[in-house]
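> Under the numbering used here, the residues of the sequence shown are numbered 30 to 255, in order.
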Amino acid sequence: MASIVGTQDAAAGQLTLSTSPAAVLFDRDGTLCVDVPYNGDPARVVPMPTAAAALARLRAAGVATATVSNQSGVGRGLISLEQVSAVNRRLDELLGGIGPIFVCPHVPHAGCACRKPRPGLLLAAANHLGVPVAACAVIGDIGADMAAAAAVAARAVLVPTAATRAAQIAAATEVAPDLLAAVDLVLTRPRSAPAPGPAAAQPAPSAARSSRFDRSSRRASQAVGG
């Protein structure tokens, strides 16, 4: 398991529709684990109810997973990338493996392409897994997760928490009461074809570009201590 800092050098694949997604991309805080603001302490990691069962269901179905997480505490100087990585490793241990974790360390006003609701982390995760981003499902707890998915025409399922705004729930295309229900939804109910987002229409990355991204991912992973 590696934590990978978000990068802008990734591209979307072409849309394919099937009952099961090519991969499931999870938000971290408030989705896979209880949201502890700017948490840098692995001892404070508490998985969300049904998270372990949801991931086990995906592993049994042979569906790849990754996590895409905004961690502005790094950019704010409140936590380090090493602390983020330590929290990620603990979550990975508790849930039996969650796949690669892609992190945006930037503050909201940085203007980066990786911070959700921008789709950079999703593009990077799909590229790393070798699947079309529009064939992925994104599961998260707030509107930024849903907007990032919409930007690349990926399927989006909202799992609300007490922090989720009513307007975000009303605007969501699909809503599930918990993670296991969300996973069952994307595994068993076909999605309707979405309108292509701006990134979804881009061609698949060339071999040379993929190679550059892989090298960048490895360097980022080492920088985070994953």
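Positions of the beta carbon are idealized from the N, C-alpha and C atoms, including for glycine.
Among Cys143, Ala163 and Cys62, which residue has its Cα nearest to the Cα of Pro78?
Checking every option, the nearest Cα to that of Pro78 belongs to Cys62.
> Less than 8 Å separating the beta-carbons of Val188 and Asp207?
Yes, Cβ-Cβ distance for Val188 and Asp207 is below 8 Å.
> Which whole-angstrom value is the C-beta distance of Val167 and Ala185, which I expect to be below 8 Å?
5 Å between Cβ atoms; contact.
> Hey, is the stretch 144-153 in contact with the stretch 105-112, meaning 3+ C-beta pairs nearer than 8 Å?
Because the criterion of three Cβ pairs below 8 Å is not met, the stretch 144-153 and the stretch 105-112 do not touch.
> Would you mind sorting Thr48 into buried or exposed? The rule is 16 or more other CB atoms within 10 Å of its CB.
By the neighbour-count rule (16 or more Cβ atoms within 10 Å), Thr48 is not buried but exposed.
> How many whole angstroms separate the CB atoms of Cys133 and Asn99, which I take to be in contact at a CB cut-off of 8 Å?
Between Asn99 and Cys133 the Cβ distance is about 5 Å, and since that is below 8 Å, they are a contact.
> Helix, strand or coil: which one does DSSP assign to Ile198?
It is helical.
> Measure the alpha-carbon distance for Ala139 versus Arg118 and round it to whole angstroms.
In a straight line, the C-alpha of Ala139 is about 27 Å away from that of Arg118.
> For Arg88, which three-state DSSP category applies?
Helix.
> For Ile127, count neighbouring C-beta atoms within 10 Å of its own C-beta (all shown protein chains included) and say buried if the count is 16 or more, exposed if not.
The residue is buried, with at least 16 neighbouring Cβ atoms inside 10 Å.
> From this set, Ala178, Ala210 and Asp174, which residue's C-alpha is nearest Val194's C-alpha?
Residue 194 is actually Arg in this sequence, not Val. Closest by alpha carbon: Asp174.
> What does DSSP give as the partner residue(s) for Asn99 in the beta ladder?
Note: Asn99 sits in a beta bridge opposite Cys133.
> Would Asp70 be called buried (16 or more neighbouring beta carbons within 10 Å of its own) or exposed?
Its Cβ having fewer than 16 others within 10 Å, Asp70 is exposed.
> Return helix, strand or coil for Thr79, following the three-state DSSP convention.
Coil, per DSSP.
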